[in-house]
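**Q**
Residue numbers (my numbering), protein chains in the order written: chain A, 65 to 174; chain B, 65 to 174.
(1) Do three or more CB pairs link the stretch 70-81 of chain B to the stretch 130-146 of chain B at distances below 8 Å?
(2) Using 8 Å as the cut-off, can you tell me whether the stretch 108-128 of chain B makes contact with the stretch 157-170 of chain A, which would need three or more C-beta pairs spanning the two stretches below that distance?
(3) Apart from the five residues just before and just after residue 90(B), which ones in its own chain have a Cβ nearer than 7 Å to its Cβ?
(4) Starting from the Cα of residue 150(B), find the closest Cα among 115(A), 104(A) and 87(A) and give me that residue.
(5) With distances taken Cα to Cα, identify the nearest neighbour of residue 83(A) among 156(A), 159(A) and 113(A).
(6) With distances taken Cα to Cα, identify the nearest neighbour of residue 118(B) among 131(B), 70(B) and 107(B).
(7) Assuming residue 79(A) contacts residue 79(B) under a Cβ cut-off of 8 Å, what Cβ separation, rounded to an integer in Å, is found between them?
(8) For residue 133(A), tell me which candidate among 156(A), 97(A) and 102(A) has the shortest Cα-Cα distance.
(9) Between the stretch 115-129 of chain B and chain A, which residues of the former have a C-beta closer than 9 Å to a C-beta of the latter?
(10) Can you tell me whether residue 121(B) is buried or exposed? The criterion is at least 16 other CB atoms within 10 Å of its CB, across all chains shown.
(11) Would you kindly report the start and end of the unbroken beta strand (DSSP E) that includes residue 125(A)?
(12) Name, please, each residue of chain B whose Cβ falls closer than 8 Å to the Cβ of residue 217(A).
(13) Applying the criterion that 16 or more other CB atoms from any shown protein chain within 10 Å of the CB defines a buried residue, is residue 101(B) buried or exposed?
(14) Distance, Cα to Cα, residue 111(A) vs residue 81(A)?
(15) Considering only DSSP beta bridges, list what residue 95(B) is partnered with.
(16) Taking C-beta pairs closer than 8 Å, name the residues in chain A that residue 84(B) reaches, listed in chain order.
(17) Using a 10 Å radius around the Cβ and a threshold of 16 neighbouring Cβ atoms, would you call residue 163(A) buried or exposed?
(18) Quick one: give me the first and last residue of the alpha helix (DSSP H) that residue 170(A) is part of.
(19) For residue 88(A), which three-state DSSP category applies?
(20) Can you find a CB in chain A that lies within less than 8 Å of the CB of residue 134(B)?
Below, the structure is given as structure tokens:
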């Protein structure tokens, strides 16, 4: 139950390109809100809203330094999301194999 | 851009426990709306709404049989979501290793 709610908030947090880009930036190291806002040409309040969603989903944590409160990525919820997706690996690999077989057959017919 | 929009709709579709349960059910084979509605103790219109979200995200397709219109899972968007998550594997594995090291140290101190 708990687990399922976690997946809800994780997937909802990931359903936004800015939030995914913030995680990509934080994957290379901590950053303050100001540092994060710059490349996105977004206001600090707009970035702060996205950070709150990421923080509630446990995908980032904020440092204690009152001035900067640097953000860092917390990848554990991503591991849980990945684990859920992995159950379907067999299905997508089969469908890619069917596609490959179809393309091969088309080439042979040409 | 296209790719990013796809990830938006995929992750948004996965952010719901009923939709994830529908995919889990369809992983073991096609099913009609009626067959899907039964175990969820949900009305058919409620299930149909969820199916529309999944269909728009490309996560299921509907058969042509006018009566049953069986649903089948389409796992390709899950492969794309998995690919996005895999970029962070190094980060979550490192954090699990740090946790293991910490637990080992606590045990030694006891």
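Idealized CB from N, CA, C, for every residue including glycine.
**A** Result, derived from the coordinates:
(1) Segments in contact, yes.
(2) The stretch 108-128 of chain B makes no contact with the stretch 157-170 of chain A: fewer than 3 CB pairs, one atom from each, lie closer than 8 Å.
(3) Here residue 90(B) refers to the residue found at position 26 when the second chain is read from its first residue. Around residue 90(B): 124, 135, 136 and 137.
(4) In the second chain, counting from the first residue as 1, residue 150(B) sits at position 86. The shortest Cα separation from residue 150(B) among 115(A), 104(A) and 87(A) belongs to 87(A).
(5) For the purposes of this step, residue 83(A) is taken as residue 19 along the first chain, with counting starting at 1. Checking every option, the nearest Cα to that of residue 83(A) belongs to 113(A).
(6) Residue numbering aside, residue 118(B) sits at position 54 when the second chain is read from its first letter. With distances taken between Cα atoms, residue 118(B) lies closest to 70(B).
(7) Against the first chain, residue 79(A) aligns to sequence position 15. Against the second chain, residue 79(B) aligns to sequence position 15. So it is a contact: roughly 6 Å between Cβ atoms.
(8) On the first chain, position 69 is the one that residue 133(A) refers to. The candidate whose alpha carbon is nearest that of residue 133(A) is 97(A).
(9) So nothing in the stretch comes that close.
(10) Reading the second chain from its first residue, position 57 is the one you call residue 121(B). It is buried - the Cβ of residue 121(B) has at least 16 other Cβ atoms within 10 Å.
(11) Reading the first chain from its first residue, position 61 is the one you call residue 125(A). Its beta strand (DSSP E) spans residues 124-126.
(12) No answer is possible for residue 217(A): the residues shown for chain A start at 65 and end at 174.
(13) Along the second chain, read from residue 1 onward, the residue named residue 101(B) stands at position 37. Label assigned to residue 101(B): buried.
(14) Position 47 of the first chain holds residue 111(A). Position 17 of the first chain holds residue 81(A). Those two C-alpha atoms are separated by around 12 Å.
(15) Residue numbering aside, residue 95(B) sits at position 31 when the second chain is read from its first letter. Note: residue 95(B) sits in a beta bridge opposite 135(B).
(16) For the purposes of this step, residue 84(B) is taken as residue 20 along the second chain, with counting starting at 1. Residue 84(B) reaches chain A at 68, 71 and 148, counting residues in chain order whose Cβ is nearer than 8 Å.
(17) Taking the first chain and counting its residues from 1, the one referred to as residue 163(A) is at position 99. When all chains shown are included, residue 163(A) counts as exposed.
(18) Taking the first residue of the first chain as position 1, residue 170(A) is located at position 106. That run of the alpha helix (DSSP H) goes 153-173.
(19) To locate residue 88(A), count along the first chain from 1; it is residue 24. It is helical.
(20) Translated into the one-based positions of the second chain, residue 134(B) becomes position 70. No, residue 134(B) does not count as interfacial toward chain A.
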